[in-house]
Amino acid sequence: MPFNQERKMRDIPRQPIYRFVVSIDGEKVSFNSVSGLNIPDDSEISLSNEALEITFHDGLLSNNNPLYQWLNHGSMDNVEKKDILVTLIKEAGGQLIASWSVINALPTKLSSPTADKNGSDIFVDEVSMIADSITMVAH
726 MPFNQERKMR
736 DIPRQPIYRF
746 VVSIDGEKVS
756 FNSVSGLNIP
766 DDSEISLSNE
776 ALEITFHDGL
786 LSNNNPLYQW
796 LNHGSMDNVE
806 KKDILVTLIK
816 EAGGQLIASW
826 SVINALPTKL
836 SSPTADKNGS
846 DIFVDEVSMI
856 ADSITMVAH
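Under our numbering, the residues of the sequence shown are numbered 726 to 864, in order.
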């Protein structure tokens, strides 16, 4: 790589790395990204009675974690709605950026679960949920 091009690449500021931490039943699980943490305004709520959809991407669960046990319920008939807390954290230094309280969440989909070679951790591509409401707090 030519000297000028290498120097230019070093001069580009690195983007801060963030992660989302999902807290359920006192346990925490990290995900790389989350979609659907939208807070509808009053007009949107009155126009639709549909549940809010939230999707967590690229996570690592242990098989004894409450989130995994909740997701691995087997049937929608015997799963309970739960309140969860989603926190956006700046990786370096652990600075809290924002938190979302997700009320009456219910898991709907678990995509591509893969166990690691030791069998204690499970990598997931996506976890989808529906919820009754979401509130946000900026830190």
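Virtual Cβ for every residue (Gly too), placed ideally from N, Cα, C.
Note that the structure is a prediction, hence the values are computed from the model and not measured.
Next on the checklist: Between the segment 811-828 and the segment 784-797, can you find at least three pairs of beta-carbon atoms closer than 8 Å?
Outcome noted: Flag = no, the segment 784-797 and the segment 811-828 do not touch.
Checklist entry - Expressed to the nearest angstrom, what Euclidean distance is found between the alpha-carbon atoms of Asp850 and Asn829? => result For this step, residue 850 is matched to residue 125 along the sequence shown. For this step, residue 829 is matched to residue 104 along the sequence shown. Roughly 23 Å between the two C-alpha positions.
Next on the checklist: Assuming contact is defined by CB atoms lying nearer than 8 Å, are Ser826 and Asp808 in contact in what I supplied?
Outcome noted: Taking the first residue of the sequence shown as position 1, residue 826 is located at position 101. Taking the first residue of the sequence shown as position 1, residue 808 is located at position 83. In contact: Ser826 and Asp808 (Cβ atoms closer than 8 Å).
Checklist entry - Would Ile764 pass as a contact of Ile855 if the rule is Cβ separation under 8 Å? => result Translated into positions along the sequence shown, residue 764 becomes position 39. Translated into positions along the sequence shown, residue 855 becomes position 130. No.
Item to check | Selection from Ile814, Glu775, Glu752 that minimises the alpha carbon distance to Asn788 | outcome: For the purposes of this step, residue 788 is taken as the residue at position 63 of the sequence shown. It is Glu752 whose Cα lies nearest to the Cα of Asn788.
Checklist entry - Between the beta-carbon of Val754 and the beta-carbon of Leu813, is there less than 8 Å? => result Numbered from 1 along the sequence shown, position 29 holds the residue referred to as residue 754. Numbered from 1 along the sequence shown, position 88 holds the residue referred to as residue 813. Cβ atoms of Val754 and Leu813: not closer than 8 Å.
Item to check | is_contact[Leu777, chain C] using C-beta, thresh 8 Å | outcome: Among the protein chains of the structure shown there is no chain C, as only one such chain exists.
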